[in-house]
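In our numbering, the protein residues as written are 30 to 309. Don't be surprised by glycine CBs; every beta carbon is placed ideally from N, CA and C. Structure record follows, encoded as structure tokens.
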Amino acid sequence: MKVVHTLTELRAARTELPEPLGLVPTMGFLHQGHLSLVQAARKECASVAVSIFVNPTQFAPTEDLASYPRDLEQDLRLLEEAGVDLVWAPTDGDMYPEGFQTWVSVEEVTQQLEGARRPGHFRGVTTVVAKLFNGVQPQKAFFGQKDAQQAVVIQQMVRDLNFPIDITVCPIIREADGLALSSRNTYLSPAERKAATILNRALKAAEKAYLDGERSAEKIRKVMYDKFQTEPLANVQYASCADPKTLQELEQITHGALLSVAVYIGKTRLIDNIVLLEMP
Ligand code: AMP
């Protein structure tokens, strides 16, 4: 496994890699969720590259950029074991050189959900992902359904800007008790860790209502809000039932609707989602 930092090193290493090349963009502090993307990439690609970069421009000044967990040594061990060919851990200076002033901004699908609560977040995400794509020039790239809106936004960017890259969205990896794996779970105290299962429990309660025949999106949203009321450590920011493509809130639920939630557990902001599919 080759580890590079600068763009010059990356370009030299890139020419050695067999194609198709798959890219897994990450912010590091890797867990099984990230590694599932690596596994998917290995299945579909002749070589696999992983980027590790905590992108400052997708964090608002009030957010957790400074405290975001980092452990490059451990990440490299995990990626080596997972059979990755190339790791790119760019420098801030290569990603945002002095005088930087060019941004990639996707419009409609960034207005709701995370975009509405985290101003500027997706502009940071699309800009850095465009730069990662330009640097690595993969044929395929792998993202997690965990960040459902991000996956929609990236697919929109790829279409709109004609990136010759095939995007795969991989399922959410969860702990045994349903908590979606996240680097941010490390912030949780033991009591908060227990309380954090409320995200998946609220989504599951809403899914059950749907499977029992409920089709009013308002009522489904209420099922989730009511569930969050039962957890004193949870402070819900939104519980949404939206069209999976436009991300607009629905009135009537249709097959494939996206249920998503953002919740503060203490000071830690967690997100999760589930797609409503009827049982066969
Ligand atoms: P991050 O390091 O949080 O930016 O995540 C990097 C990639 O891993 C993104 O595409 C995430 O959606 C994906 N990811 C994070 N957590 C999970 C998870 N629990 N299951 C599947 N994919 C995940």
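* To do: Name all residues in chain order for which at least one heavy atom of the ligand AMP lies closer than 6 Å to the residue's CB.
  => T55, M56, G62, H63, S65, L66, F172, G173, K175, D176, C199, I201, I202, A209, L210, S211, S212
* Who are the near neighbours of A177 in its chain, counting only those whose CB is closer than 7 Å to its CB and skipping five residues on each side? -> L287, S289, N302
* Under 8 Å by Cβ, that's how I've got T91 and L217 pegged, so tell me the actual separation to the nearest angstrom. => T91 to L217, Cβ: 19 Å. No contact.
* Take V252 as the anchor and find which of I194, L64, I227 has the nearest alpha-carbon. => I227
* **Nearest neighbour of T55, chosen from Q87, E48, F129 [CA to CA]** => Q87
* Measuring CB to CB, does T155 end up less than 8 Å from V138? -> no
* **Three-state secondary structure assigned by DSSP to V113** => coil
* Asked: Helix, strand or coil: how does DSSP classify D93 here?
  -> coil
* To do: With G164 as the anchor, note down where its alpha helix (DSSP H) starts and where it stops.
  => 150 to 165
* What do you reckon, are the CB atoms on V33 and L39 nearer than 8 Å? -> yes
* Beta-carbon proximity check, Q174 vs D195, cutoff 8 Å -> no
* Nearest-angstrom Cα separation, counted from V304 out to L232 -> 9 Å
* How is L299 classed by DSSP in three states: helix, strand or coil? -> strand
* Is S65 buried or exposed, if buried means 16 or more other CB atoms sit within 10 Å of its CB? -> buried
* Cross-strand partners of R203 (DSSP beta bridge) -> A209
* Roughly how many angstroms separate the alpha carbons of S245 and V116, rounded to a whole number? -> 46 Å
* Asked: Leaving out five residues before and five after A70 in sequence, what residues of the same chain have Cβ atoms less than 6 Å from its Cβ?
  -> G51, V53, V77, F171
* Asked: Do you know offhand how far R99's Cα is from N84's?
  -> 12 Å
* Relative to the alpha-carbon of A145, which residue among A291, R43, L36, E307 has its alpha-carbon at the smallest distance? -> A291
* **Selection from E236, R213, Q68 that minimises the alpha carbon distance to A95** => R213
* **Unbroken stretches of the alpha helix (DSSP H), 4 residues or longer, contained in the region 34 to 93** => 36 to 43, 61 to 73
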